[in-house]
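Chains R and Y supply the protein sequences, listed in that same order.
In case it helps, my numbering puts the first sequence at residues 403 to 864.
In case it helps, my numbering puts the second sequence at residues 23 to 294.
Positions of the beta carbon are idealized from the N, C-alpha and C atoms, including for glycine.
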Amino acid sequence: MQSNTLLLVILALAVVSYFFARHKAFGVLKSNGSVSARHSLPAHYGYLLALWCAIPALAILLGWKLFEPGVINGMLVDSLPQQVVDGGDSRIGLYTNDINNLVEAGGIESIADADKQAAAQKLVSLRSASRLVLTVLVLAALLVSLLVGLRHMQPQTQARVIVEKFIKVILVSCASIAILTTMGIVLSVLFESIRFFQQVGFWEFVTGSKWSPQTAIRADQVGSSGSFGAIPLFTGTMLISVIALIVAVPLGLMSAIYLAEYASARTRSIVKPLLEILAGIPTVVYGFFAALTVAPAIRSMGESIGLSVSSESALAAGAVMGIMIIPFVSSLSDDVITSVPQSIRDASFGLGATQAETIRKVVLPAALPGIVSSVLLAASRAIGETMIVVMAAGLAANLTANPLEAVTTVTVQIVTLLTGDQEFESAKTLAAFALGLMLFVATLLLNVIALYTVRRYREQYD
Amino acid sequence: MDEAQAVLDSIEGTVGEIAVDNPKMSMRDVDVFYAEKQAIFGVDLDVANNEVIAMIGPSGCGKSTFLRCLNRMNDTIPICRVSGSVMLDGDDIYAADQDPVLLRARVGMVFQKPNPFPKSIFDNVAYGARIHGLAANRAELDDIVVGSLKRAGLYEEVKSRLDAPGTSLSGGQQQRLCIARSIAVSPEVILMDEPCSALDPIATARIEELIDELRENYAIAIVTHSMQQAARVSQRTAYFHLGKLVEVGDTNEIFTNPQHELTENYITGRFG
Ligand SMILES: Nc1ncnc2c1ncn2[C@@H]1O[C@H](COP(=O)(O)OP(=O)(O)OP(=O)(O)O)[C@@H](O)[C@H]1O
Ligand SMILES: [Mg+2]
Numbered sequence: 403m404q405s406n407t408l409l410l411v412i413l414a415l416a417v418v419s420y421f422f423a424r425h426k427a428f429g430v431l432k433s434n435g436s437v438s439a440r441h442s443l444p445a446h447y448g449y450l451l452a453l454w455c456a457i458p459a460l461a462i463l464l465g466w467k468l469f470e471p472g473v474i475n476g477m478l479v480d481s482l483p484q485q486v487v488d489g490g491d492s493r494i495g496l497y498t499n500d501i502n503n504l505v506e507a508g509g510i511e512s513i514a515d516a517d518k519q520a521a522a523q524k525l526v527s528l529r530s531a532s533r534l535v536l537t538v539l540v541l542a543a544l545l546v547s548l549l550v551g552l553r554h555m556q557p558q559t560q561a562r563v564i565v566e567k568f569i570k571v572i573l574v575s576c577a578s579i580a581i582l583t584t585m586g587i588v589l590s591v592l593f594e595s596i597r598f599f600q601q602v603g604f605w606e607f608v609t610g611s612k613w614s615p616q617t618a619i620r621a622d623q624v625g626s627s628g629s630f631g632a633i634p635l636f637t638g639t640m641l642i643s644v645i646a647l648i649v650a651v652p653l654g655l656m657s658a659i660y661l662a663e664y665a666s667a668r669t670r671s672i673v674k675p676l677l678e679i680l681a682g683i684p685t686v687v688y689g690f691f692a693a694l695t696v697a698p699a700i701r702s703m704g705e706s707i708g709l710s711v712s713s714e715s716a717l718a719a720g721a722v723m724g725i726m727i728i729p730f731v732s733s734l735s736d737d738v739i740t741s742v743p744q745s746i747r748d749a750s751f752g753l754g755a756t757q758a759e760t761i762r763k764v765v766l767p768a769a770l771p772g773i774v775s776s777v778l779l780a781a782s783r784a785i786g787e788t789m790i791v792v793m794a795a796g797l798a799a800n801l802t803a804n805p806l807e808a809v810t811t812v813t814v815q816i817v818t819l820l821t822g823d824q825e826f827e828s829a830k831t832l833a834a835f836a837l838g839l840m841l842f843v844a845t846l847l848l849n850v851i852a853l854y855t856v857r858r859y860r861e862q863y864d
Numbered sequence: 023m024d025e026a027q028a029v030l031d032s033i034e035g036t037v038g039e040i041a042v043d044n045p046k047m048s049m050r051d052v053d054v055f056y057a058e059k060q061a062i063f064g065v066d067l068d069v070a071n072n073e074v075i076a077m078i079g080p081s082g083c084g085k086s087t088f089l090r091c092l093n094r095m096n097d098t099i100p101i102c103r104v105s106g107s108v109m110l111d112g113d114d115i116y117a118a119d120q121d122p123v124l125l126r127a128r129v130g131m132v133f134q135k136p137n138p139f140p141k142s143i144f145d146n147v148a149y150g151a152r153i154h155g156l157a158a159n160r161a162e163l164d165d166i167v168v169g170s171l172k173r174a175g176l177y178e179e180v181k182s183r184l185d186a187p188g189t190s191l192s193g194g195q196q197q198r199l200c201i202a203r204s205i206a207v208s209p210e211v212i213l214m215d216e217p218c219s220a221l222d223p224i225a226t227a228r229i230e231e232l233i234d235e236l237r238e239n240y241a242i243a244i245v246t247h248s249m250q251q252a253a254r255v256s257q258r259t260a261y262f263h264l265g266k267l268v269e270v271g272d273t274n275e276i277f278t279n280p281q282h283e284l285t286e287n288y289i290t291g292r293f294g
């Protein structure tokens with residue numbers, strides 16, 4: 403049977419055993435009568451039998467599918483002609499690949515090369531054998547586990563406890579998948595970065611003030627030695643993010659306070675979704691808005707008062723980005739402000755505080771942790787934003803704190819490093835990983851600092 | 023529904039003397055509405071200086087609503103509307119030129135559930151003094167805080183940890199902290215809405231003692247579900263039923279010799 407069919411069979415059997423066990427449990431309970439005799443609800447017995455029946459078979463199916471390609475490939479390689487095996491790993495890889503493709507395409511009889519035809523036939527027979535063994539194994543497992551499970555279906559079986567435990571296991575494994583994925587990403591970035599730092603010194607990267615990653619492709623090229631000083635990128639990122647936060651935090655926080663404390667329920671129900679739309683606009687749209695409308699406006703404004711403004715500026719990108727992240731601040735802050743209990747507001751009013759005093763001295767301090775995390779969320783959004791910067795702030799890695807000049811950011815450079823034809827081993831490509839790692843470390847630090855500050859200054863209610 | 027309406031219609035006016043010789047607050051013909059629904063019907067009542075007046079009645083009869091009229095806390099509920107006159111020292115507190123913010127400094131409130139701010143014990147008590155600018159410097163502020171804590175009978179228990187959060191205290195201590203907080207702004211009247219309902223008998227006894235001491239300086243109106251408590255702490259008692267003030271009089275009189283049938287039923291435990 404195909405593995406899809408097997409899967410269906412397993413699931414169907416699980417459903418059937420659920421209903422069977424539940425029905426049986428009902429019957430037993432009814433004849434027993436007393437509530438104390440029953441340990442679990444009938445549905446628990448149903449789930450338990452379904453789990454008993456499905457899990458071993460599923461495990462076998464999964465394990466088989468995981469190891470099948472490798473084992474079959476190994477057996478295929480063993481049977482390859484000697485001259486192919488002598489050709490080394492890459493030759494073997496190409497050859498087996500070729501055979502796989504031939505088998506997928508069908509028509510083995512028409513293969514010209516006799517060796518290849520033999521190998522292809524071998525592959526086909528291996529596969530069908532594997533399928534047969536798998537089918538037998540899974541069906542046997544189903545049968546055995548069903549029988550064992552049925553023997554366990556006794557009134558004194560603690561079905562509820564077992565099912566609850568199983569639910570916990572599922573939850574834990576979901577959580578660990580998320581954590582493991584993160585760890586995997588971090589580790590792979592870390593290893594690639596280590597390779598980068600073998601080519602370019604760590605301190606040169608961290609403290610260098612010149613960024614021009616073009617390396618010579620041929621030995622006779624001149625002038626492209628490549629320098630990997632990441633400082634301009636990080637200052638660029640910081641400059642733009644700070645501008646964005648300067649725009650977003652006051653606007654977002656004030657709107658949150660208005661929405662939570664002053665607006666009527668009706669106004670709130672209209673305004674809040676409207677604000678949240680801001681976060682749903684694609685960033686390209688913001689990008690061309692910044693590049694085509696805001697940047698020229700800033701430029702002509704600047705020039706009218708005698709400032710030189712480049713056509714692409716950090717200010718334009720930062721300001722537009724600030725608008726984009728307002729809802730991150732406002733929506734989350736609004737939620738935490740609203741969830742501050744009415745009782746402490748009443749206490750403040752009851753002492754003769756005005757609404758503004760109450761908000762400033764009681765509500766905001768109590769909501770501080772949530773407000774800080776909303777700002778953090780907005781900040782990480784700003785740090786990670788790429789599109790607006792590409793379109794409105796340019797690609798020039800200038801080391802400057804002047805918001806009227808063109809700058810570039812870490813994420814933008816990662817994109818430019820990795821697009822186009824690249825050799826994977828080159829310093830230029832690996833630099834992207836190093837940048838990613840630094841960015842990760844920087845945001846992590848930001849989070850830790852913020853958490854620490856919040857823990858120190860927060861006022862915890864209840 | 024109709025039965026309740028019939029009972030409501032049968033209550034005509036208030037039995038007993040609503041007026042006193044030295045009124046601190048006097049309410050006349052107070053109606054309160056939540057949106058369309060009327061919760062208080064034409065209540066007349068005086069609260070005297072240096073007196074504790076207890077307000078009792080079945081759940082939902084409008085005790086809290088009426089109490090919250092006395093310092094305009096009902097203003098914070100958008101759908102709530104109050105009519106009639108509420109006088110404090112002869113001034114109508116609902117008059118257009120009256121500032122509810124200043125009023126609430128003169129008429130303090132202690133709530134049913136202890137609601138300390140999530141701040142330190144010191145800051146909790148200092149809160150009102152700070153927003154009203156009662157202390158010129160730190161030393162004066164210290165005096166106010168310590169004095170209020172002492173009068174609320176809490177100082178000895180917390181003097182070594184004034185920096186600890188107010189929420190770290192026990193329920194009874196928190197309620198005394200709330201009382202200290204409200205007397206720190208030197209109000210003239212203190213309103214208490216079931217201040218002991220979340221407390222055990224010992225903490226309750228302490229608060230009752232405290233109320234008795236506070237009576238020397240303040241006028242106090244207390245809502246309570248415990249008739250023993252009303253009998254212990256109050257000089258006068260007002261019985262509310264379905265939003266009307268049925269009977270008011272000396273506490274002893276009310277509990278030993280109620281005039282109105284509804285009052286008698288409630289006090290003897292026969293509801294409705
Ligand atoms: N915020 C509100 N919105 C609408 N109706 C309210 C509100 N608060 C109270 N009410 C209504 O007003 C009436 C009186 O309520 P109130 O809280 O004053 O009763 P109470 O006598 O204090 O009761 P309890 O002894 O249970 O505290 C009740 O019918 C209640 O449903
Ligand atoms: Mg109440």
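inquiry  = Quick check on Met95(Y) - is its C-beta less than 8 Å from some C-beta in chain R?
reply    = yes
request  = Could you please go through the chain and list the residues whose beta-carbon is closer than 7 Å to any non-hydrogen atom of ligand 2?
outcome  = Lys85(Y), Ser86(Y), Gln134(Y), Asp215(Y), Glu216(Y), Val245(Y)
query = Using the beta-carbon count (16 or more within 10 Å), is Ser611(R) buried or exposed?
reply = exposed
task = Please name the residue, chosen from Leu676(R), Val814(R), Gln523(R), that lies closest to Ser481(R) on a Cα-to-Cα basis.
result = Gln523(R)
key: Gly130(Y) - partner residues in DSSP beta bridges   = Ile212(Y)
query = Which partner residues does Ile242(Y) have in the DSSP bridge list?
reply = Val74(Y), Ile212(Y)
query = Given Tyr854(R), which residues of its chain have a CB within under 6 Å of its CB, disregarding the five upstream and five downstream residues?
reply = none
query = Taking Arg597(R) as the reference, which of Leu841(R), Ser828(R), Phe842(R) has the closest Cα?
reply = Ser828(R)
query = Taking DSSP as the reference, what is the three-state secondary structure of Ile62(Y)?
reply = strand
Closest Cα partner of Pro634(R) within the set Leu410(R), Leu848(R), Lys830(R), Val812(R) = Val812(R)
query = Roughly how many whole angstroms lie between the Cα atoms of Ala225(Y) and Gln195(Y)?
reply = 8 Å
task = Please name the residues in the segment 751-771 of chain R whose beta-carbon is closer than 8 Å to at least one beta-carbon of chain Y, in chain order.
result = Phe751, Gly752, Leu753, Gly754, Ala755, Thr756, Glu759, Lys763, Val764, Pro767, Ala768
inquiry  = DSSP three-state label for Val180(Y), please.
reply    = helix
ask   = What are the start and end residues of the beta strand (DSSP E) that includes Pro45(Y)?
value = 45-56
query = Under 8 Å between the Cβ atoms of Arg643(R) and Ala784(R)?
reply = Looking at the sequence provided, one finds Ser at residue 643(R) rather than Arg. Going by C-beta atoms, Ser643(R) is nearer than 8 Å to Ala784(R).
task = Answer with buried or exposed for Met131(Y), where buried requires no fewer than 16 other C-beta atoms within 10 angstroms of its C-beta.
result = buried
query = What first and last residue would you give for the beta strand (DSSP E) that runs through Thr259(Y)?
reply = 258-263
query = Using the C-alpha atoms, what's the distance from Leu647(R) back to Ala780(R)?
reply = 8 Å
key: Secondary structure of Cys83(Y), DSSP reduced to three states   = coil
Candidates Glu39(Y), Gly84(Y), Asn71(Y): closest to Lys266(Y) by CA position = Gly84(Y)
task = Grab me the residues of Leu125(Y)'s own chain with a C-beta within less than 8 Å of its C-beta, minus the 5 sequence neighbours each way, in chain order.
result = Asn93, Arg94, Leu110, Ile115
request  = Please name the residues in the segment 112-136 of chain Y whose beta-carbon is closer than 7 Å to at least one beta-carbon of chain R, in chain order.
outcome  = Val123, Leu124, Arg126, Ala127, Gly130, Met131, Phe133, Lys135
message = Nearest by alpha-carbon distance to Ile62(Y): which of Glu230(Y), Asn159(Y), Val104(Y) is it?
response = Val104(Y)
message = Bridge partners for Met109(Y) per DSSP, in chain order?
response = Ser48(Y), Asp114(Y)
task = Find out if the Cβ-Cβ distance for the pair Val270(Y), Ile33(Y) is shorter than 8 Å.
result = no
message = Assuming the contact rule is C-beta atoms closer than 8 Å, Val696(R) and Val738(R) should be a hit. Round their C-beta distance to whole Å, please.
response = Between Val738(R) and Val696(R) the Cβ distance is about 31 Å, and since that is not below 8 Å, they are no contact.
task = In the DSSP assignment, find the beta strand (DSSP E) that holds Val255(Y) and state where it starts and stops.
result = Not the beta strand (DSSP E): Val255(Y) falls in the alpha helix (DSSP H), residues 249-255.
key: Per-residue DSSP class, three states only, for Met269(Y)   = Rather than Met, the amino acid found at residue 269(Y) in this sequence is Glu. Note: Glu269(Y) maps to strand in three-state DSSP.
key: For Asp748(R), three-class secondary structure by DSSP   = helix
query = Hey, is Ala662(R)'s beta-carbon within less than 8 Å of any beta-carbon in chain Y?
reply = no
inquiry  = How far does the alpha helix (DSSP H) with Ile494(R) in it extend, from its first residue to its last?
reply    = 490-507
key: Candidates Leu806(R), Ala719(R), Phe636(R): closest to Gly708(R) by CA position   = Leu806(R)
request  = Please confirm if the segment 572-589 of chain R is in contact with the segment 494-506 of chain R, defined as three or more CB-CB distances below 8 Å between the two stretches.
outcome  = no
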